[in-house]
Amino acid sequence: MQWKSLLSATRLGSSGPDGDFRSPFQRDFDRIIFCSALRRLQDKTQVFPLAKNDYVRTRLTHSLEVSSVGRSLAFNIGAALSQKYGFSKLHPYYFGEIVAAACLAHDIGNPPFGHSGEDAISSWFKKPENQEALSGLSANQKAEFQNFEGNAQGFRVLCTLQKHNRGSDRFGGLQLTHATLGAFLKYPRRAYLDARDPHRISHKKYNYFETEADDFLEVVSGCGLIETVVGESYARHPLVFLVEAADDISYTIADLQDGFRLGLVPYEKIRDFLLDILKDRGQIIRKEIRNFSDNKDKIEHLAGKAIGQLVKEISEVFLENEAEILRAEMDQPLTALMSSKALLKQMFEYAHQNIYTSPEVVNLKLAGFTIISGLLDIFVPAVCFHTDKQNYNHHKHQLVLRLIPGQFMEDIGLAHTPYEKLHRITDYIAGMTDSYAVRLYRKLHGIAVD
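Structural data, given as structure tokens:
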């Protein structure tokens, strides 16, 4: 793979020139930050229930933090590679701008209630009593629903559901650059993979639905990504490794911070974790924080220093492995190669034992699972069985259809196959905020009537 192609500024669905002095990748960032799908992340759970504490992170807060970390990380890489190769037309800042945009969008396709929302959708479509909804679908199409993936939904949001110009009939969604979309594709493969390699991190999940297959192929071709399994998967865009690392760094530290604020993590535990990341500098920083009277301020200071240290380590690992990455010979997270890898693993395991399995988090996951499943119980039959007299409850389903917002009903009306209709339903549900999903579920089940 070549950096010239990997940083392609060609826009999906648009061949016209950009009209101001921003770089193409700054425009990508701006298009994402002003889109409604990103705004809705402010009311989507990161880990903890949103109403519990106004300090804890939402999906939007997390995305902004990941974007900031990713930008810093990629600026380091861009500066080093520019010096190494003497780029004449590829500004070193382009690396940071591309990664910042991809990081900003990395959770944009997540349904309500985080990963439990994904699990709820997948579980619903695996139930024997719901298989009729999948009749006639190919193995790959079924896999898209039975293993529902927020990353693929995110690609659909960027390429189809959100529009840069709603008055235009041009395709391409937000019409982002090939480079930014390439950096977004953490798992450049389809849903059903005949030759899945468990040792390749890029095969762990998938990143596009058949509905966006043409967009996917345009992006991988434009970026010059290497095909690893014919017709099924491609090598990662090198900048994906930086997006992934920024996410790993951010949530590992942020989840412990939030857990500390909620009383689930002792001050001494998170303090020692962060000081250990700083290694030899830890003793110097320990003296600095003695001047802070509040433990919360101490942790904020330590977290910032720790993130800076991890950014430095990841930058070094990427540059050491750049040649292998460009040859598609490396397919594991950068965090697995950094000097602090064992410590990050300890931090994640501690968070799993003391945060992710806490009653607050488990209750939220269970509630989310119930709510998403309950909404699918109502909306899938109403949309998919309206031509099936045996399964169609005319009066009830007509009422349900009237609840669906006009924009989604218009899309459903344009759907010509059961497969397309199912995607319109999951578009609607995955796009809901946590609060909206709760309110709608309560109304539809007669728990609350406004």
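Reminder that position 376 of the sequence shown reads as 720 in my numbering, one-by-one numbering, no gaps.
Backbone N, C-alpha and C fix where the C-beta goes; we use that ideal spot for every residue, glycine too.
Separation of the CB atoms of S482 and P532 is rounded to 20 angstroms, and the pair is thereby denied contact status at 8 angstroms. DSSP places Y438 within a helical segment (H, G or I) once states are collapsed to three. Counting only the Cα atoms, C728 lies some 10 angstroms from H741. Sequence-distant partners of S779 (beyond 5 residues in either direction) whose C-beta falls short of 7 angstroms from its own C-beta, in its chain, are D387.
In the same chain as E657, and ignoring 5 residues on each side of it, the C-beta atoms closer than 7 angstroms to its own belong to M682, S683, S684, in chain order. Cβ-Cβ distances below 7 angstroms link Y438 to L351, S367, F369, G422 in the same chain, with the five nearest sequence neighbours on each side left out; the list follows chain order.
DSSP places R671 in the coil class of the three-state scheme, outside both helix and strand.
Taking the Cα positions, A650 is about 41 angstroms away from D558. Taking a C-beta distance under 7 angstroms as the contact criterion, K471 and Q490 do not qualify as a contact pair. Per DSSP, the beta bridge partners of T402 are T389.
Sequence-distant Cβ neighbours of Y552 in its own chain, meaning closer than 6 angstroms and more than five residues away, are A496, F499, F560. Here Q475 is exposed. Its C-beta has fewer than 16 other C-beta atoms within 10 Å. When the Cα atoms are used, R383 and P762 turn out to be separated by approximately 30 angstroms.
Where V573 is concerned, the enclosing beta strand (DSSP E) starts and stops at 571-573. Remark: C-beta atoms of S411 and L448 approach each other more closely than 7 angstroms. Contact between the stretch 587-607 and the stretch 686-694 is present, with at least three C-beta pairs closer than 8 angstroms.
Going by C-alpha positions, L520 is about 25 angstroms away from T402. Under the criterion of beta carbons closer than 8 angstroms, L505 and D771 qualify as touching, at roughly 6 angstroms. Judged by DSSP secondary structure, Y763 falls within the alpha helix (DSSP H) whose first and last residues are 762-774. Distance from A781 to P456 at the Cβ level is roughly 4 angstroms; contact confirmed, criterion being Cβ atoms closer than 8 angstroms. Per DSSP, the continuous alpha helix (DSSP H) segment holding R375 begins and ends at 368-377. Apart from sequence neighbours up to five positions away, no residue of its chain approaches L784 with a beta-carbon distance below 6 angstroms. In this structure, the CA atom of H543 is about 19 angstroms from the CA atom of E666. For A680, the number of other beta carbons within 10 angstroms of its own is below 16, and it is reported as exposed.
With respect to the 7 angstroms criterion, T572 and A446 are not classified as neighbours on the basis of their beta carbons.
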